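**Student:** The working numbering applies: residue 112 is where the sequence shown begins, and numbers increase by one.
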Amino acid sequence: MRTLTGWRKARRQLEAWRKKLTSLHVSLKRPRAVDATAVDLASGEALEPAGAPRAKFRAKLIFFTDADLTLRRPSGAILVIDTYELDFLSDGKTRVVL
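Encoded structure:
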């Protein structure tokens, strides 16, 4: 598996994944809730439990900058992940570590 480290080296690969809407393996340094939850608009509190936090999941890259990535989960939930939270992204052939 080829590994790309750093923002400048990975930029071309991230752009290719974004254009092709490739399904990626995403690994986070710390687990977090990654699925959509219902929210009470008046209080801003979650109505249902967010589910178990996950450290690894699948998503498609839809936008990226040097500071964060915007990902779409198969459930339709959109996540914005800061690069410092990210452990790696992989399509099975290439791994990107930012």
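Virtual Cβ for every residue (Gly too), placed ideally from N, Cα, C. The structure presented is a predicted model; accordingly, all values stated were derived computationally and were not measured.
Where does A170 land, buried or exposed, given buried means 16+ other C-beta within 10 angstroms?
**Tutor:** For the purposes of this step, residue 170 is taken as residue 59 along the sequence shown, with counting starting at 1. It is buried - the Cβ of A170 has at least 16 other Cβ atoms within 10 Å.
**Student:** Quick check on DSSP: helix, strand or coil for L152?
**Tutor:** If you number the sequence shown from 1, residue 152 lands on position 41. Coil.
**Student:** Among A144, V150, S154, which has the Cα closest to the Cα of F168?
**Tutor:** Taking the sequence shown and counting its residues from 1, one reaches residue 168 at position 57. F168 has its Cα closest to that of A144, out of A144, V150, S154.
**Student:** Is the beta carbon of A127 sitting closer than 9 Å to the one on L209?
**Tutor:** Here residue 127 corresponds to residue number 16 of the sequence shown, with the count starting at 1. Here residue 209 corresponds to residue number 98 of the sequence shown, with the count starting at 1. No.
**Student:** Could you pull out every residue in the same chain whose Cβ sits closer than 8 Å to the Cβ of E156, ignoring the five residues on either side in sequence?
**Tutor:** Along the sequence shown, one-based indexing puts residue 156 at 45. Result list for E156: V150, in chain order.
**Student:** When DSSP builds the beta bridges, which residues end up paired with A170?
**Tutor:** Translated into positions along the sequence shown, residue 170 becomes position 59. Answer is L135.
**Student:** Going by DSSP, what residue range makes up the beta strand (DSSP E) through F186?
**Tutor:** Position 75 of the sequence shown, counting from 1, holds the residue named residue 186. According to the sequence provided, residue 186 is Ser. The question's Phe does not apply to it. That residue, S186, is in no beta strand (DSSP E); it is neither H nor E in DSSP.
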